[in-house]
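Protein chains in written order, with my numbering: chain A, 56 to 262; chain B, 11 to 89.
Single-structure report; data block below.
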Amino acid sequence: MPDIFVPSNQKNTPPIHPIEKNSLGLFSSLCKNPDGVSFTSQETDEEVILFMRRHFITNLPWLTFCLILLTIPSLLGAIFSAVGNPFLFLENTHTIIMSLLFYAGVVAYAFLEFIHWYYNIGLLTQNRVVDVDFSDLLFHDISITKLGLIEDVNYRKSGFFGSLFNYGDVFIQTAGNKPNFDFIAVPNPSEVIHIIVALMGKDKPHG
Amino acid sequence: MGDFVSLLYQLATISFALKAIFLLVSFLYGGFSFVMFNQIRTMNSSVHIGDSSSFFLQLLSLIQIVCAVSLFITTAVIL
Numbered sequence: 056m057p058d059i060f061v062p063s064n065q066k067n068t069p070p071i072h073p074i075e076k077n078s079l080g081l082f083s084s085l086c087k088n089p090d091g092v093s094f095t096s097q098e099t100d101e102e103v104i105l106f107m108r109r110h111f112i113t114n115l116p117w118l119t120f121c122l123i124l125l126t127i128p129s130l131l132g133a134i135f136s137a138v139g140n141p142f143l144f145l146e147n148t149h150t151i152i153m154s155l156l157f158y159a160g161v162v163a164y165a166f167l168e169f170i171h172w173y174y175n176i177g178l179l180t181q182n183r184v185v186d187v188d189f190s191d192l193l194f195h196d197i198s199i200t201k202l203g204l205i206e207d208v209n210y211r212k213s214g215f216f217g218s219l220f221n222y223g224d225v226f227i228q229t230a231g232n233k234p235n236f237d238f239i240a241v242p243n244p245s246e247v248i249h250i251i252v253a254l255m256g257k258d259k260p261h262g
Numbered sequence: 011m012g013d014f015v016s017l018l019y020q021l022a023t024i025s026f027a028l029k030a031i032f033l034l035v036s037f038l039y040g041g042f043s044f045v046m047f048n049q050i051r052t053m054n055s056s057v058h059i060g061d062s063s064s065f066f067l068q069l070l071s072l073i074q075i076v077c078a079v080s081l082f083i084t085t086a087v088i089l
C-alpha cells in the first residue's frame, strides 16, 4: 500500500553532492564549473558556472602567418645563394643582428596574438555575465551585467569552419542603455545559450 | 683615390645608419616587452584564469624582457 504521507525528513531525496569542478587547461575554450577562475568584483558566494572564449581553431590564421614568417630568412638565404647576394656590403654581424631582431619580432607578434586570445573571455556566474575584452596592449575593458537585466539571447553559427568545429557567436542583449555582450566564435553556442536561459529562469523573481 | 675615399665614406655612413636602426628597433622591442609584462600582470590581477597558465604567461613575458635586454646589449656592444 503506498504511503499517503511521508515526513519531509524521510523523503527519498538524492544526496546533495558538491559541484564537481573541471580543471581549465591553457588552451581550453569552454569549461563548465571551471576550477581556479575568478574575477575582481566576484562576491564570496558567487560561483563561476561557465567559462568561454574563442575556439582555439580561430588562432589558425595568425599561427600560419607566423610559420610563413619564420621560413622567410632561410628562404631568402637559399635565393641569395642561388642568384647572388645583393647585400654584400653588409657585415656578418649586421646579418646576425637583423635575423635576431626579425625572429624576436615574430615571437613578439605571436605572443601578443596569443595573449589577445587568452584574455578575451566571457564568464557566467549564477547572478551575472562578465565580458573581458583585451583589445590591444594598451587597452582592456571588463563589462558586467546582472542576469535579470538580460532581455534577449541568441547565437549565430556561420561559415565552413564554424559548422565543422561547432562554434558560433553568442549575443546577449541587455535592457535600456546598458552595453550588449557578444562572445565571438564560442564553442558549442547552443549549449551556452541553453545554460544562460536556464540561469535566467532561476534568476527571475518569483511571484 | 677620391672614388675610393667616397666609397669608404658611403659604407661608413650605411654602417652607422644600420647601427642606429638596429639600436632603435631593439630598444622598441625592450619597451614593448616591458609593456606586455605589465599588462599581463594587470590582467592576472583583474581576472584569474587558473594557477599554472597565468604563471606560465607571466614567466614567458619575463623571459621576453630578458631576451629584449640581451638583444639590446648585444646590438650595442657588437656593432
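For each residue, glycine too, the CB sits at the ideal point set by N, CA and C.
For residue i, the first and last residue of its enclosing alpha helix (DSSP H)
| i | result |
| --- | --- |
| ILE73 (chain B) | 61-88 |
| ILE176 (chain A) | Run containing ILE176 (chain A): none in the alpha helix (DSSP H); it sits in the beta strand (DSSP E), 176-180. |
| PRO128 (chain A) | 115-138 |
Whole-angstrom C-beta distance between residue j and residue i, which should lie under 8 Å
| i | j | result |
| --- | --- | --- |
| SER56 (chain B) | ILE197 (chain A) | 6 Å |
| ILE152 (chain A) | THR52 (chain B) | Not a contact, Cβ separation roughly 32 Å. |
| ASN221 (chain A) | PRO242 (chain A) | 6 Å |
| VAL161 (chain A) | CYS121 (chain A) | 6 Å |
Cβ of residue i within 9 Å of any chain B Cβ
| i | result |
| --- | --- |
| LEU192 (chain A) | yes |
| ASP237 (chain A) | no |
| LEU85 (chain A) | no |
| SER218 (chain A) | no |
| THR126 (chain A) | no |
| MET107 (chain A) | no |
| ALA159 (chain A) | yes |
| LEU81 (chain A) | yes |
| GLU98 (chain A) | no |
| SER198 (chain A) | no |
| GLU146 (chain A) | yes |
| THR68 (chain A) | With a pLDDT of 49 at THR68 (chain A), under the threshold of 50, the predicted position of this residue should be treated as unreliable, though the coordinate-derived value follows. Chain B, which has no Cβ nearer than 9 Å to the Cβ of THR68 (chain A), makes this no. |
Interface residues of chain B facing residue i [CB-CB closer than 8 Å]
| i | result |
| --- | --- |
| SER93 (chain A) | VAL57, HIS58 |
Interface residues of chain B facing residue i [CB-CB closer than 7 Å]
| i | result |
| --- | --- |
| HIS110 (chain A) | Those within 7 Å of HIS110 (chain A) in chain B number zero; the least Cβ separation is about 16 Å. |
| VAL187 (chain A) | VAL57 |
Sheet register partners of residue i (DSSP bridge)
| i | result |
| --- | --- |
| SER93 (chain A) | B:HIS58 |
| ASP186 (chain A) | A:GLY177, A:SER198 |
| GLN228 (chain A) | A:ASP207 |
| VAL241 (chain A) | A:GLY223 |
| LEU105 (chain A) | A:LYS87, A:LEU179 |
| VAL191 (chain A) | The sequence given here places Asp at residue 191 (chain A); Val does not occur at that position. ASP191 (chain A) is bridged to A:PHE194. |
| ASN77 (chain A) | A:PRO89 |
| PHE26 (chain B) | According to DSSP, PHE26 (chain B) bridges with nothing at all. |
| PHE236 (chain A) | A:ILE227 |
Chain A contact residues for residue i, given Cβ-Cβ distances below 8 Å
| i | result |
| --- | --- |
| PHE42 (chain B) | ALA163, LEU192 |
Chain A contact for residue i (CB, 9 Å cutoff)
| i | result |
| --- | --- |
| VAL76 (chain B) | no |
| GLN68 (chain B) | no |
| THR23 (chain B) | no |
| ILE88 (chain B) | yes |
| SER62 (chain B) | yes |
Segment limits, beta strand (DSSP E) that includes residue i
| i | result |
| --- | --- |
| PHE111 (chain A) | Element bounds for PHE111 (chain A): n/a, residue is neither H nor E. |
Cross-chain neighbours of residue i in chain A, by beta carbon under 9 Å
| i | result |
| --- | --- |
| ILE73 (chain B) | Under the 9 Å cutoff, chain A gives no residues; its nearest Cβ is about 10 Å from ILE73 (chain B). |
| LEU34 (chain B) | Those within 9 Å of LEU34 (chain B) in chain A number zero; the least Cβ separation is about 10 Å. |
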